[in-house]
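Notes to accompany the following structure.
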Amino acid sequence: MSNPSRNVLLIDSTGRGHAIADLFQRTDPSVQVFYGPGNPSVADERICPVPDISLSDPGSAVRFCQARAIDFVFVSHIDALSTGYVDFLKTNGIPTIGPDRAAARLEASKAFTKSLLQHYNVKTARFAVFDRPEPAKCYIRGLDYDVVVKADGLCEGNGAYVCSDQASALQAVDTIMLTRAHRDAGNRIVVEERLFGVEISIFALFDGKEFLMFPAALDYKRSDDGNKGVNCDGMGSLSPHPLADKALYREIQTQLLEPLRAAILGEGLKYTGFLFIGAMLCDDGIKVIEINVRFGDSEAQAVLPKVQSNFVQLCEGVLLGTLSSMSLETDDKCYCNVVAAQGSTLRVDEDGRAIRYPGWPYGDFEVGFPISGLETLDRRNSRLFFANVRRDAEDRLVTAGGRVLHVTGIGDNYAQAIHHAYGNIEKIHFHGISYRSDIGMIYDSVDTTRQPRQISSLRGTGKFPVMRAHGPRD
Ligand code: AMP
Numbered sequence: 001m002s003n004p005s006r007n008v009l010l011i012d013s014t015g016r017g018h019a020i021a022d023l024f025q026r027t028d029p030s031v032q033v034f035y036g037p038g039n040p041s042v043a044d045e046r047i048c049p050v051p052d053i054s055l056s057d058p059g060s061a062v063r064f065c066q067a068r069a070i071d072f073v074f075v076s077h078i079d080a081l082s083t084g085y086v087d088f089l090k091t092n093g094i095p096t097i098g099p100d101r102a103a104a105r106l107e108a109s110k111a112f113t114k115s116l117l118q119h120y121n122v123k124t125a126r127f128a129v130f131d132r133p134e135p136a137k138c139y140i141r142g143l144d145y146d147v148v149v150k151a152d153g154l155c156e157g158n159g160a161y162v163c164s165d166q167a168s169a170l171q172a173v174d175t176i177m178l179t180r181a182h183r184d185a186g187n188r189i190v191v192e193e194r195l196f197g198v199e200i201s202i203f204a205l206f207d208g209k210e211f212l213m214f215p216a217a218l219d220y221k222r223s224d225d226g227n228k229g230v231n232c233d234g235m236g237s238l239s240p241h242p243l244a245d246k247a248l249y250r251e252i253q254t255q256l257l258e259p260l261r262a263a264i265l266g267e268g269l270k271y272t273g274f275l276f277i278g279a280m281l282c283d284d285g286i287k288v289i290e291i292n293v294r295f296g297d298s299e300a301q302a303v304l305p306k307v308q309s310n311f312v313q314l315c316e317g318v319l320l321g322t323l324s325s326m327s328l329e330t331d332d333k334c335y336c337n338v339v340a341a342q343g344s345t346l347r348v349d350e351d352g353r354a355i356r357y358p359g360w361p362y363g364d365f366e367v368g369f370p371i372s373g374l375e376t377l378d379r380r381n382s383r384l385f386f387a388n389v390r391r392d393a394e395d396r397l398v399t400a401g402g403r404v405l406h407v408t409g410i411g412d413n414y415a416q417a418i419h420h421a422y423g424n425i426e427k428i429h430f431h432g433i434s435y436r437s438d439i440g441m442i443y444d445s446v447d448t449t450r451q452p453r454q455i456s457s458l459r460g461t462g463k464f465p466v467m468r469a470h471g472p473r474d
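This is the structure we're talking about:
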């Protein structure tokens, strides 16, 4: 079925945004994607950045939609979602995909989500919520298991303190509530049982009634090799998840997505668009760790290139509430995404003093370094996505943030995908470039000292079953 040409406005500005814009363009032969505020270096034949659109001003998007014949808007940035961007666009009569402000609390408040999960019997770690530090510490002292202490609000991926003993848990309470490391996001905390196992990132598109599952991914959230260092939202990912076979997808469908659907409908939340479930594969089954109300970043860059279905049509299914009659086609390749970040640099100031910048995500970092080697990537076996890249006064591509760009390797198996990711990222240069060298190894949080497992010994097939809104197709 060929689509009439559509004009889509995508609200995002991250590497995830680039991957979604690319998905629209790659799977629909005639769509025109406007990307606001977007990223000027992402401009492509049918991707047009709109820097005048602001993530904090939905009125700027409304004005753009009124001036252009925009068919629908897809909002995928949490800053916009959590402040009611979708509500504003819909009030102005613009067809929009994304959760409204109330539904975005699933990501914006961990306490809200944990209570919802508990109420609707979605398996998750035991927990308690506190508004003051002393009762939280008293609770922690009474526990005989390790905990994770989390700031309730949005913290750019670093508000969860995974603790190995009581002292570090008590310290985390102080860091969040007294030192106020995350400002108002730490007015309330969640103390939850630490889960052990292998993490999995689960994705689905939701039309307000039904979910259509996307391939799952394995995300590498820690900054350093060996899954060490700080939690930083993602240094790379692998898709499909190496442990995900048909049986696991069914388990996800029945144990997580169906009760979550009941929760969203039961609470009357107005939710459309992508849903992300961060979960742990534990010895006693799969448990939810977190929910995000948009696609994961860096998972988007490994998962979305697999998708072969026309994404404009899927979005129209979301808007019409007809996703249940649609299916998701994917290729059977493996994808490995590695993030190139702005690492440590040394600068000598005018007085001859050496200043060391720790680099992202450890602390301050420099920007504006020219990026070279992009033209040497082998585009037959890799994809390139920009997160924080801009053009300088001389029209050179330069670094513009912590996570700079993503290289995704493609292969017939995981080993090939990993090989192509690293073979290509090694061709890219900028001052202070830094990336993990072990994306693709499987670490088990039960024992981080154990040797990582090779993927060949795991149960997944690398193939993602054709999905319908009610589960895998036999
Ligand atoms: P969150 O801020 O909830 O997204 O958590 C960030 C990361 O912290 C997760 O991706 C996990 O790696 C880790 N984490 C969070 N909660 C738990 C938990 N209950 N048990 C073990 N690890 C966790």
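Its first residue numbered 1, the sequence shown is counted upward by one per residue in this note's numbering.
Even glycine gets a Cβ: it sits at the ideal position worked out from N, Cα and C.
- Query: For ligand 1, is there a heavy atom less than 8 Å away from the beta-carbon of Val-483?
  - Reply: In the structure as shown, the chain starts at 1 and stops at 474, and residue 483 therefore has no counterpart that could be examined.
- Message: Restricting to Cα atoms, I'd like to know which of Leu-116, Asn-121, Tyr-120 is closest to Val-129.
- Response: Start at 1 with the first residue of the sequence shown, and residue 129 comes out as number 129. Of the candidates Leu-116, Asn-121, Tyr-120, the one whose C-alpha sits nearest the C-alpha of Val-129 is Leu-116.
- Same chain only: Cβ atoms within 7 Å of Cys-315, ignoring 5 sequence neighbours per side: The residue labelled residue 315 in the question sits at position 315 within the sequence shown. Once the five neighbours on either side are set aside, the close Cβ partners of Cys-315 are Phe-72, Phe-74, Ile-97.
- From the DSSP output, read off the bridge partner residues of Asn-74. Reading the sequence shown from its first residue, position 74 is the one you call residue 74. What sits at residue 74 in the sequence shown is Phe, not Asn. DSSP output for Phe-74 lists Leu-10, Ile-97 as bridge partner(s).
- Query: Hey, out of Val-367, Pro-29, Thr-175, whose CA is closest to Pro-4's CA?
  - Reply: In the sequence shown, the residue the question calls residue 4 occupies position 4. Closest by alpha carbon: Pro-29.
- Beta carbon of Arg-68 nearer than 9 Å to that of Phe-34: For the purposes of this step, residue 68 is taken as residue 68 along the sequence shown, with counting starting at 1. For the purposes of this step, residue 34 is taken as residue 34 along the sequence shown, with counting starting at 1. Yes, the Cβ-Cβ distance between Arg-68 and Phe-34 is below 9 Å.
- Mind checking which residues open and close the alpha helix (DSSP H) that includes Ser-115? If you number the sequence shown from 1, residue 115 lands on position 115. First-last of the alpha helix (DSSP H) with Ser-115: 110-119.
- Between the C-alpha atoms of Ser-456 and Asn-121, what's the straight-line distance to the nearest angstrom? Sequence index remark: in the sequence shown, residue 456 carries index 456 (1-based). Sequence index remark: in the sequence shown, residue 121 carries index 121 (1-based). At Ser-456 the pLDDT is 48, less than 50, meaning the model places this residue with poor confidence and gives no usable figure here.
- Item | For Gly-15, three-class secondary structure by DSSP | Translated into the one-based positions of the sequence shown, residue 15 becomes position 15. Of the three classes helix, strand and coil, the one that applies to Gly-15 here is helix, per DSSP.
- Message: Just to confirm my understanding: we take Val-482, look at its own chain, exclude 5 residues before and 5 after, and list those with CB closer than 6 Å. What are they?
- Response: With the chain covering 1 to 474 only, the question about residue 482 has no answer from this structure.
- Item | C-beta contact flag for Gly-321 and Gly-208 at 9 Å | Counted from its first residue, the sequence shown places residue 321 at position 321. Counted from its first residue, the sequence shown places residue 208 at position 208. Going by C-beta atoms, Gly-321 is nearer than 9 Å to Gly-208.
- Message: For Thr-448 and Gly-159, what's the separation of their Cα atoms in angstroms?
- Response: By one-based count along the sequence shown, residue 448 stands at place 448. By one-based count along the sequence shown, residue 159 stands at place 159. Only weak support is given to the placement of Thr-448: the predicted model assigns it a pLDDT of 49, under 50, and the question is left unresolved by the model.
- Query: Count the other CB atoms within 10 Å of the CB of Gly-153; is the residue buried (16 or more) or exposed (fewer)?
  - Reply: Your numbering for residue 153 matches position 153 in the sequence shown. Gly-153 should be labelled buried.
- Message: Considering only the alpha carbon of each residue, which of Gly-38, Phe-24, Ile-291, Phe-196 lies closest to Val-162?
- Response: For the purposes of this step, residue 162 is taken as residue 162 along the sequence shown, with counting starting at 1. Ranking the options by Cα distance to Val-162, first place goes to Phe-196.
- Query: Is it the case that the Cβ atoms of Val-42 and Pro-51 are separated by a distance below 9 Å?
  - Reply: What you label residue 42 is simply residue 42 of the sequence shown in a count that begins at 1. What you label residue 51 is simply residue 51 of the sequence shown in a count that begins at 1. Not a contact, by the Cβ cut-off of 9 Å.
- Rounded to whole angstroms, what's the CA-CA distance from Arg-127 to Val-190? Just pull it up for me. Here residue 127 refers to the residue found at position 127 when the sequence shown is read from its first residue. Here residue 190 refers to the residue found at position 190 when the sequence shown is read from its first residue. Checking the sequence, you will find Phe at residue 127 rather than Arg. For Phe-127 and Val-190, the distance between alpha carbons rounds to 7 Å.
- Spatial neighbours of Leu-178 in its chain, beta-carbon cut-off 7 Å, leaving aside the 5 residues before and after: Translated into the one-based positions of the sequence shown, residue 178 becomes position 178. Same-chain partners within the cutoff: Pro-133.
- Query: Whose C-beta lies closer than 7 Å to the C-beta of Arg-46 among residues of the same chain, with five residues either side of it excluded?
  - Reply: Here residue 46 refers to the residue found at position 46 when the sequence shown is read from its first residue. Excluding residues within five positions, the ones whose Cβ falls inside 7 Å are Gln-25, Val-31, Gln-32, Val-33.
- Item | Separation of Gly-229 from Thr-124, as counted between CA atoms | By one-based count along the sequence shown, residue 124 stands at place 124. By one-based count along the sequence shown, residue 229 stands at place 229. So the alpha carbons of these two residues sit roughly 25 Å apart.
- Candidates Glu-210, Val-198, Phe-214: which alpha carbon is nearest Ala-562's? Missing from the structure shown is residue 562; the chain here goes from 1 to 474 and no further.
- Kindly examine ligand 1 and report whether one of its heavy atoms sits closer than 8 Å to the Cβ of Glu-299. Within the sequence shown, numbered from 1, the residue matching residue 299 stands at position 299. No.
- Item | Delimiting residues of the alpha helix (DSSP H) encompassing Thr-91 | What you label residue 91 is simply residue 91 of the sequence shown in a count that begins at 1. Note, Thr-91: alpha helix (DSSP H), 85-91.
- Quick one: is Cys-138 buried, meaning 16 or more other Cβ sit within 10 Å of its Cβ, or exposed? Reading the sequence shown from its first residue, position 138 is the one you call residue 138. Flag for Cys-138 reads exposed.
- Heavy atom of ligand 1 less than 8 Å from the Cβ of Ala-341, yes or no? As a first step, residue 341 is located in the sequence shown; it is residue number 341 there, counting from the start. No - ligand 1 has no heavy atom lying nearer than 8 Å to the Cβ of Ala-341.
- Can you list, in chain order, the residues of its chain whose CB lies under 8 Å from that of Cys-334, leaving out five sequence neighbours each side? Along the sequence shown, one-based indexing puts residue 334 at 334. Excluding sequence neighbours, Cys-334 sits near Leu-238, Ser-239, Pro-240, Ile-410, Gly-411, Asp-412, Asn-413, Tyr-414, Gln-416, Ala-417, Gly-462.
- Item | Terminal residues of the beta strand (DSSP E) in which Leu-205 lies | Within the sequence shown, the letter at position 205 stands for residue 205. Residues 198-206.
- Message: Do Phe-385 and His-119 count as a contact pair if the criterion is CB distance below 9 Å?
- Response: Locating residue 119 in the sequence shown gives position 119, where the first residue counts as 1. Locating residue 385 in the sequence shown gives position 385, where the first residue counts as 1. No, Cβ-Cβ distance for His-119 and Phe-385 is not below 9 Å.
- Less than 9 Å separating the beta-carbons of Gly-278 and Glu-156? As a working note, residue 278 is residue 278 in the sequence shown. As a working note, residue 156 is residue 156 in the sequence shown. No, Cβ-Cβ distance for Gly-278 and Glu-156 is not below 9 Å.
- Message: Please tell me whether, using a cut-off of 8 Å, the distance from the CB of Phe-112 to the nearest non-hydrogen atom of ligand 1 is below it.
- Response: On the sequence shown, residue 112 is found 112 positions in, with the first residue counted as 1. Phe-112 Cβ: outside cutoff for every heavy atom of ligand 1.
- Query: What do you reckon, is the C-beta of Lys-221 under 8 Å from a heavy atom of ligand 1?
  - Reply: As a first step, residue 221 must be located in the sequence shown, where it is residue number 221. Answer for Lys-221: yes, Cβ within range of ligand 1.
- Message: Taking 8 Å as the cut-off, is the beta-carbon of Ala-244 closer than that to any non-hydrogen atom of ligand 1?
- Response: Looking up residue 244 in the sequence shown gives position 244. No.
- Message: Going by DSSP in three states, Thr-448 sits in which element: helix, strand or coil?
- Response: In the sequence shown, counting from the first residue as 1, residue 448 sits at position 448. Only weak support is given to the placement of Thr-448: the predicted model assigns it a pLDDT of 49, under 50, and the value that follows is read from those uncertain coordinates. Residue state, collapsed to three classes: coil.
- Cα-Cα separation, Ile-20 to Ile-140: Taking the sequence shown and counting its residues from 1, one reaches residue 20 at position 20. Taking the sequence shown and counting its residues from 1, one reaches residue 140 at position 140. About 41 Å.
- Have a look at Ala-216 and Ala-341 and give me their C-alpha separation to the nearest angstrom. For the purposes of this step, residue 216 is identified with residue 216 of the sequence shown, where counting begins at 1. For the purposes of this step, residue 341 is identified with residue 341 of the sequence shown, where counting begins at 1. Computed Cα separation, rounded: 24 Å.
- Message: Given this structure, state the Cα-to-Cα distance separating Asp-348 from Val-389, to the nearest angstrom.
- Response: Within the sequence shown, numbered from 1, the residue matching residue 348 stands at position 348. Within the sequence shown, numbered from 1, the residue matching residue 389 stands at position 389. Per the sequence presented here, residue 348 reads as Val, with Asp not at that position. If you take the alpha carbons of Val-348 and Val-389, they lie about 24 Å apart.
- What number of angstroms, rounded off, separates the C-alpha of Met-441 from the C-alpha of Leu-143? The sequence position of residue 441 within the sequence shown is 441, counting from 1. The sequence position of residue 143 within the sequence shown is 143, counting from 1. Taking the straight line joining both Cα atoms gives about 33 Å.
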